[in-house]
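K.L.:
Counting along the sequence shown from 1, when you hit position 80 you're at 80 in full-length UniProt numbering, and nothing is skipped either side.
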Amino acid sequence: MYAIVEINGQQFKAEEGKKLFVNHMKDVEAGKTVEFDKVLLVDNNGDVTVGAPTVSGAKVVAEVVNPLVKGDKVIVFKMKRRKDYRKKNGHRAQFTQVEIKSINA
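Next comes the structure, spelled out in structure tokens:
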């Protein structure tokens, strides 16, 4: 059984026991449970239910494993040749790691 769920504007395939890195969620603590009710699709062993736009009464329960995980550093380097123009910027994306506990549909 799996479900397609929208978390912080992104869609993820959620299966029980699977760990996901989602966009950073504020005000969550490690060990707490979080419920996501924007379930777009549920597949229960071949029985597919598609929402319009969401499946009513369905929700995904997850536990926060790590509230703040930093991604890899990304370097953004801009240069225009022969113009003495160089800019170097970088950033690290912030994620929250959650583990899917159950899918209620």
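Cβ coordinates follow ideal geometry from the N, Cα and C atoms, glycine included. All of these numbers come straight from a predicted model, not from anything done at the bench.
Could you check where the beta strand (DSSP E) with Gly58 kicks off and where it finishes?
P.N.:
As a working note, residue 58 is residue 58 in the sequence shown. The question names Gly, but residue 58 is Ala in the sequence shown. Here Ala58 belongs to no beta strand (DSSP E), and DSSP marks it neither H nor E.
K.L.:
Using CA atoms only, rank isn't needed, just tell me which of Val39, Gly31 and Met1 is closest to Gln10.
P.N.:
For the purposes of this step, residue 10 is taken as residue 10 along the sequence shown, with counting starting at 1. Taking only the C-alpha atoms, the option nearest Gln10 is Val39.
K.L.:
Thinking C-beta only, is Gly51 closer than 9 Å to Ala58?
P.N.:
Mapped onto the sequence shown, residue 58 falls at position 58. Mapped onto the sequence shown, residue 51 falls at position 51. Yes, the pair counts as a contact, with Cβ atoms nearer than the cut-off.
K.L.:
When every heavy atom of the ligand NAP is checked, does at least one fall within less than 8 Å of the C-beta of Asn45?
P.N.:
This structure lacks the ligand NAP, and indeed carries no ligand of any kind.
K.L.:
Under three-state DSSP, which class holds Val69?
P.N.:
Counting from one through the sequence shown, the residue named residue 69 turns up at place 69. Three-state DSSP puts Val69 in a strand.
K.L.:
Give the straight-line distance between the Cα atoms of Leu41 and Lys83, rounded to the nearest whole angstrom.
P.N.:
Along the sequence shown, one-based indexing puts residue 41 at 41. Along the sequence shown, one-based indexing puts residue 83 at 83. Leu41 and Lys83: Cα-Cα distance of roughly 52 Å.
K.L.:
With 16 other CB atoms within 10 Å as the buried threshold, where does Pro53 fall?
P.N.:
The residue given as residue 53 occupies position 53 in the sequence shown. Exposed, by the Cβ-count rule.
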